[in-house]
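Numbering (the working numbering), first residue to last: 1011 to 1351.
Where is the CB? At the ideal position from N, CA and C, for every residue including glycine.
Scroll down for the structure; my scribbles are underneath it.
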Ligand code: SF4
């Protein structure tokens, strides 16, 4: 059964209409800024929010993607070689069953003092496919007593009413549900160029429908996409802020082997951002984002060297975060500085 239609619409901003527990706590974010942070950093926010340490355990549940399996297209997005399966931590791997992936990682992280966990269904589109099977996977992940919620990596056109009904039910049972939404950009021309196979309207509906049901949304954004100018990227920041998206992961575009983007790169039709350009763009983007959007990441994990064509400058997340914070300090601004101005 395929569930790639969007049949649940919400045209209202009346979010969180039955329960206020699953919203970003603005008082905590304000506290973060008052301590001198320039960015509403996820790690800092979570430390203040929860009395225990949490961790997201990435798992591969063998899902596919409608943009690769022929439902929408077979080519996929021009930057995606293996539905995300090329940049994964060791135990997020189809060599292992879901049970093995969860239990091995739970054990590993509990030894390190982490107490509560989210299971992050990561590669491919994890809300696409047979609903009963998906529910079985999610029920299984949530059956572990130290698992407090799920993160589901997916596309904006794969969050239909049936999927959201199941997820909303978990929320009502006290679980925290996050949708890790592949947005990339809010510019339709760029989405078409990337062969994403969905629309900006799908993204808007996905965010609104999730928020209406108290499901958190973390949008994944790529800076430096082909043909995108500075204004396109900043428009994406403003639009997502207006939609009150809960969190963002921001990445530079990577050229990976065996992708259409790699062909464009070798033909000289696409160039990646250097580190300085990326730092500047992330700062510009954050200044125009909502101050209350939690920033989960500004860089991917290091991809295996043999598959990354460009850029080669991945310096690690913490050093990059420091550079970005220092740049904002130098500018005398912070996240949200130009939002609503
Ligand atoms: S939607 Fe995601 S998994 Fe599917 S082709 Fe695009 S990037 Fe890859």
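Residue 1113 - containing beta strand (DSSP E), residue span: Looking at the DSSP string, residue 1113 is not in any beta strand (DSSP E); the run it does join, the alpha helix (DSSP H), is 1108 to 1121.
Any non-hydrogen atom of the ligand SF4 within 7 Å of residue 1093 CB: yes
Near the ligand SF4: residue 1350 beta-carbon under 7 Å from a heavy atom: For the ligand SF4, not one heavy atom lies less than 7 Å from the Cβ of residue 1350.
Residue 1086 beta carbon near the ligand SF4 (any heavy atom closer than 7 Å): yes
Simplified DSSP assignment, three categories, for residue 1186: The DSSP-derived three-state label of residue 1186 is strand.
Bridge-paired residues (DSSP) for residue 1251: None; residue 1251 has no bridge partner.
Alpha helix (DSSP H) runs wholly inside the stretch 1050 to 1077, at least 4 long, in chain order: 1052 to 1059
Spatially closest choice to residue 1270 from 1084, 1262, 1061, 1113, by CA coordinates: 1084
Residue 1329 (DSSP reduced to helix, strand or coil): Three-state result, residue 1329: helix.
Residue environment, residue 1311, which counts as buried when at least 16 other CB atoms sit within 10 Å: exposed
Nearest candidate by alpha-carbon position, reference residue 1064, set 1043, 1178, 1123: That would be 1123, whose Cα lies nearest to the Cα of residue 1064.
CB contact flag (residue 1225, residue 1052, <8 Å): No, the pair does not count as a contact, with Cβ atoms beyond the cut-off.
Local Cβ density within 10 Å of residue 1070, reported as buried at 16 or more and exposed below that: buried
Distance, residue 1080 Cα to residue 1059 Cα: 42 Å
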